[in-house]
Amino acid sequence: MVLQTWLGFFLACWVISLSPGAGAVASMASGLQYGFARGYWSALGLQLGLLLQIAIVALGVGALLAASATAFTVIKWFGVFYLLYLAAKQWRALPSDLGQSMHVRPIGKPLALVFRGFLVNASNPKAIVFMLAVLPQFVDPHAALPTQYAVIAATMVSVDMIVMAGYTGLASQVLRALGTPRQQVRLNRTFAALFVAAAACLALLRRAPA
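Taking this note's numbering, the leading residue of the sequence shown gets 1, the next gets one more, and so forth.
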């Protein structure tokens, strides 16, 4: 990948990562509930899901997914129900005791948070179809494809890790500014509503005509 092409892709990565979506909501929800250090494990899971999406496109499976109405629908509705599950979990999340140390927070197991983030990205067929439309524009078919997709993956993951760190850290700092458990409950339920909105957007998604 030549430098000029990579710079264009690098800029596109920032635009894609900064765009609000289920991944951003998941990162902020984890930061709010667990703090930055522990909540960021969810963002790492998002990156594993992102790598899976890139691999699917690189292997040509993405084209099959885009063409298969059944596969697209199954993955889509799995993603919808998983986002609704996260919404319910966020709605029931208990507030932290701000009278105690800020270390007193619900304990989320790192592997569980990684898996949670992974499922958010892995269950989004829209992202795979989107990548199928975007990534080939930055690939030179006459050059080594594995090397180019390795550069693409490294660039996308690096940018997304920075952006999700920002979302996670921002939500973590918001918790410090909340003075009462009631305010925390309201914010938890706001994020629950955002998960529902993301699920609704995914449910309304239609496969492009073949």
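C-beta atoms are modelled at their ideal positions from N, C-alpha and C, and glycine is treated no differently.
message = So, at 8 Å on beta carbons, what are the nonlocal neighbours of residue 190 in its own chain, with the 5 sequence-adjacent residues on each side left out?
response = Cβ neighbours of residue 190 beyond the five flanking positions: none.
inquiry  = Please identify the residue among 50, 39, 29 whose C-alpha is closest to the C-alpha of residue 16.
reply    = It is 50.
request  = Sort 21, 169, 45 by Cα distance to residue 200 and report the nearest one.
outcome  = Across the set 21, 169, 45, the C-alpha of 21 shows the shortest separation from the C-alpha of residue 200.
query = So what's residue 160 in DSSP terms, helix, strand or just coil?
reply = Helix, per DSSP.
Test item: CB-CB of residue 47 and residue 128 under 8 Å = Note that the C-beta distance between residue 47 and residue 128 is not below 8 Å.
ask   = Do residue 139 and residue 148 have their CB atoms nearer than 8 Å?
value = Against a cut-off of 8 Å, the Cβ pair of residue 148 and residue 139 comes out as a contact.
Span of the alpha helix (DSSP H) around residue 114 = It spans 110-122 - the alpha helix (DSSP H) in which residue 114 sits, taken as one unbroken run.
request  = Measuring alpha carbon to alpha carbon, tell me which of 136, 195, 70 ends up nearest residue 120.
outcome  = For residue 120, the closest alpha carbon among the candidates 136, 195, 70 is that of 195.
For residue 19, the three-state DSSP class (helix, strand or coil) = In the structure shown, residue 19 falls within a coil segment according to DSSP collapsed to helix, strand and coil.
query = Are the beta-carbon atoms of residue 42 and residue 78 separated by less than 8 Å?
reply = No, the pair does not count as a contact, with Cβ atoms beyond the cut-off.
request  = Could you tell me the distance, in whole angstroms, from the CA atom of residue 130 to the CA atom of residue 111?
outcome  = Their backbone Cα atoms lie some 28 Å apart in a straight line.
ask   = According to the Cβ coordinates, are residue 125 and residue 72 closer than 8 Å?
value = Against a cut-off of 8 Å, the Cβ pair of residue 72 and residue 125 comes out as a contact.
query = Rounded to a whole number of angstroms, what is the C-alpha to C-alpha distance between residue 29 and residue 155?
reply = Approximately 25 Å between the Cα atoms of the pair.
message = If I follow the unbroken alpha helix (DSSP H) through residue 38, where does it start and stop?
response = From DSSP, the alpha helix (DSSP H) with residue 38 extends over 36-58.
inquiry  = Suppose you measure from the CA of residue 136 to the CA of residue 58; what does that come to, to the nearest Å?
reply    = C-alpha of residue 136 to C-alpha of residue 58: approximately 9 Å in a straight line.
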